[in-house]
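A short write-up of the structure that comes next.
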Amino acid sequence: MEHERPWMEQYPETTILSFHIPEVSLYSLLEDTTRKYSDKTAIIYDEDSLTYKQLKDQVDRLAAAWRNLGVKKGDRLGLMVSNHPFYVISYYAALKLGMIVVQINPLYTPRELLEILHDAQMNYLVTEPQSLEKISQLKNSYAFKGLFVTELSSKKDGIYSIHELINCFNPLVDSCLINAQQDIAVIQYTGGTTGKKKGAMLTHYNLVANVLQSKALYGANMFFGEETILTATPLYHVYGMTSGMNLAIYIGAANLLVNKFEIEKVLKLIQTHRPTFFPGVPKMYNAFVNYPEIDRYDLTCFKTCSSGSAPLPIEVLKKFEGLTGASIREGYGLSETSPSTHRNPPDGLMKVGSIGIPLPKTDCRIVDDHGENLPEKTVGELLIKGPQVMLGYWNKPEETNLSLRDGWLYTGDLATMDEDGYFYIVGRKKEMIIVGGFNVYPQEVEGVLYEHPDVLEAAVVGIPDREAGELVKAFIVPKEGKGININELREHCYQLLTRYKVPKQFEIIEALPRNTVGKVLKRILLDESKKMV
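Heads up: take any position in the sequence shown, counting from 1, add 64, and you land on my numbering.
Right, here's the structure in full:
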């Protein structure tokens with residue numbers, strides 16, 4: 065049965081619904097923008113800046129250096145760098161050569177990093193000086209063809225300085241021939257049903273499409289060659305990659321890169337550089353509105369802001385909009401969708417608590433467990449179809465076949481749609497926890513807890529948190545005759561997990577609630593925790 069699309073009536077006149085998505089490489093976006101806006105500022109970082117001409121020159125020089133070192137199309141390049149111009153340069157140089165960029169959180173522990181290295185069969189890695197000690201711990205477990213560091217104080221065997229490579233090569237190297245629909249541009253890791261990470265394969269076409277879809281929705285609120293984007297969300301996160309980096313390059317915006325979100329520093333940058341667009345997360349908006357001296361700062365430069373990763377409290381939204389005069393438009397996305405699929409339209413109806421309507425060229429359904437369409441205001445699984453939907457999961461055909469069926473992505477998220485075509489996320493089939501925009505998978509945390517010698521059983525849930533959206537809570541059943549030292553258990557987790565994955569709350573209990581077949585009833589644990597919040 066054909067499903068209805070009431071959202072088609074909700075697009076404002078400024079939204080562009082009919083547009084062509086070219087089958088080109090992401091690198092071609094940089095080429096096109098450089099031709100149009102060569103002398104305009106492309107990147108602002110600390111006291112430095114690059115024009116588009118300078119940015120493309122450095123991208124091309126690095127690509128030439130890598131080609132000289134034997135890099136081939138399809139080689140996997142890990143990018144384990146915080147927000148920095150060298151992230152952008154490395155990303156686009158890799159894509160020019162047809163490499164596959166694997167985005168990696170620099171905060172990963174050696175254990176977490178090794179899992180991705182093996183799964184992606186990583187050939188090369190770009191990282192920062194402060195991560196070299198972590199990398200050295202893996203030398204007996206993994207070997208790279210090449211290791212590149214953003215800055216290198218002294219020469220080391222087998223390690224190349226990105227800065228020196230850029231300075232040593234001329235920019236004359238041809239772009240690799242790209243099949244945009246089939247060639248993978250980025251592997252973005254997310255969690256699997258077993259707790260193991262899985263890499264969403266995003267093609268050049270997926271990523272180009274999502275940039276164009278985003279621009280089409282923003283319509284008259286965003287002008288080519290005139291905007292400044294405040295990019296404080298990490299570029300290694302799919303949200304920062306698309307809404308911060310790739311969108312900026314497509315529209316010829318100045319990208320104000322923030323390495324670490326520190327509210328006082330960010331406020332000063334805003335006064336100096338006057339950004340017009342901010343893709344943020346609730347934790348950042350909360351920091352703005354709760355800063356004691358916020359009234360001293362002029363934030364009226366913002367025109368439009370977006371928010372994702374977790375629900376934005378209405379009082380935070382209203383206060384930020386009051387301070388800036390800008391609108392914050394909440395949305396929704398996934399690693400598997402490049403990431404954006406829904407947003408409250410900037411010039412259209414805003415519904416608080418809703419993720420909005422599908423982006424142009426995006427189709428959605430709400431279905432039951434049998435894949436049948438459900439009526440309005442009925443909870444079911446959200447399905448998505450569009451040019452931004454991934455090719456599949458890297459080397460995981462079974463996971464791919466579960467998630468992609470007949471062209472539809474089964475998100476695992478439970479949602480409803482109202483009579484206007486606005487969507488609302490009401491829960492997750494998956495038990496994923498979202499902490500400040502980052503995905504935490506209970507199975508992974510539970511696995512670490514089970515490694516502690518005094519732990520008999522462990523269960524992890526996400527409970528609401530005003531600042532981070534959710535926080536991780538662990539329920540622990542000690543082994544008989546053992547006492548659990550919470551501080552020791554927390555330190556155990558810090559040794560094996562990235563900080564945002566470490567439980568913020570621990571509760572010692574006698575037994576985990578289970579059903580008749582032994583499955584842990586996490587809903588009971590979650591309900592009890594919510595009563596205590």
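From the three backbone atoms N, C-alpha and C, an ideal C-beta is built for every residue, glycine too.
query: For E592, the nearest candidate out of T78, L266 and A538 (CA to CA); result: A538
query: Any beta strand (DSSP E) of 3 or more consecutive residues that is wholly inside the region 283-355; result: 292-295, 318-321 and 341-344
query: Rounded distance between the beta-carbons of S373 and Y303, thought under 8 Å; result: 7 Å
query: Buried or exposed by the 16-neighbour rule on C-beta atoms within 10 Å, applied to E66; result: exposed
query: Other residues of its chain near P422: CB distance less than 7 Å, five sequence neighbours each side excluded; result: W71, T405, H406 and C428
query: Exposed unless 16 or more other CB atoms sit within 10 angstroms - verdict on P461; result: exposed
query: Three-way DSSP call (helix, strand, coil) for H148 in this model; result: coil
query: N-terminal and C-terminal residue of the alpha helix (DSSP H) that P403 is part of; result: Here P403 belongs to no alpha helix (DSSP H), and DSSP marks it neither H nor E.
query: Residue range of the unbroken alpha helix (DSSP H) whose run includes F384; result: I378 to T388
query: Separation of K203 from R175, as counted between CA atoms; result: 13 Å
query: V581 burial status per 10 Å Cβ neighbour count (16 or more: buried); result: Bear in mind that a pLDDT of 46 at V581, under 50, signals an unreliable position, so the model cannot answer this.
query: Between the CA atoms of V166 and T257 - distance to the nearest angstrom; result: Low local confidence applies: a pLDDT of 47 at T257 is under 50, so the model's placement there is unreliable, with the coordinate-based value given in what follows. Going by the C-alpha atoms only, they are around 21 Å apart.
query: Given K586 as reference, the closest of E552, K260, I527 and E534 once Cα atoms are compared; result: I527
query: Simplified DSSP state of V525, which is helix, strand or coil; result: strand
query: CA-to-CA distance, L553 to M305, given in whole angstroms; result: 35 Å
query: Within 8 Å, strictly: CB atoms of P577 and V566; result: no
query: Where the alpha helix (DSSP H) containing V123 begins and where it ends; result: Y116 to N132
query: CA nearest to the CA of Y355, picked from G138, E571, K332 and A184; result: K332
query: C-alpha distance - F288 paired with S225, whole-angstrom precision; result: 34 Å
query: Collapsed DSSP secondary structure at T580 in the structure displayed; result: Reliability of the predicted coordinates at T580 is poor, the pLDDT of 46 falling under 50, and the value obtained from them is presented with this limitation in mind. Correct three-state label for T580: coil.
query: Sheet register partners of C428 (DSSP bridge); result: I448
query: Residue interval of the beta strand (DSSP E) (run including A106); result: T105 to Y109
query: Helix, strand or coil at T78 [DSSP, three-state]; result: coil
query: DSSP-derived helix/strand/coil call for E394; result: strand
query: Whole-angstrom distance between P343 and N231, CA atom to CA atom; result: 33 Å
query: Check: Q194 C-beta below 7 Å from any heavy atom of the ligand SAM; result: Because no ligand of any kind appears in the structure shown, any question about the ligand SAM cannot be addressed here.
query: One or two residues paired with T642 in a DSSP bridge; result: Since the first residue of the chain shown is 65 and the last is 597, residue 642 is not available in this structure.
query: Beta carbon of P424 nearer than 8 Å to that of A273; result: no
query: Assigned secondary structure, T368 (DSSP; H/G/I helix, E/B strand, else coil); result: strand
query: Residue span of the alpha helix (DSSP H) that contains P506, given as start and end; result: P506 to Y514
query: Closest residue to V431 among D103, N549 and L447 (Cα-Cα distance); result: L447
query: S371 beta carbon less than 8 Å from that of Y396; result: no
query: Contact set for S200: own chain, Cβ-Cβ below 7 Å, skip 5 residues either direction; result: none
query: Alpha helix (DSSP H) segment containing L535, residue limits; result: From DSSP, L535 is part of no alpha helix (DSSP H) but of the beta strand (DSSP E) over G533 to P542.
query: CB contact flag (G263, Y188, <8 Å); result: no
query: Neighbourhood of F384 by C-beta distance below 7 Å, restricted to the same chain and skipping five residues each side; result: Y349, F352, V353 and I392
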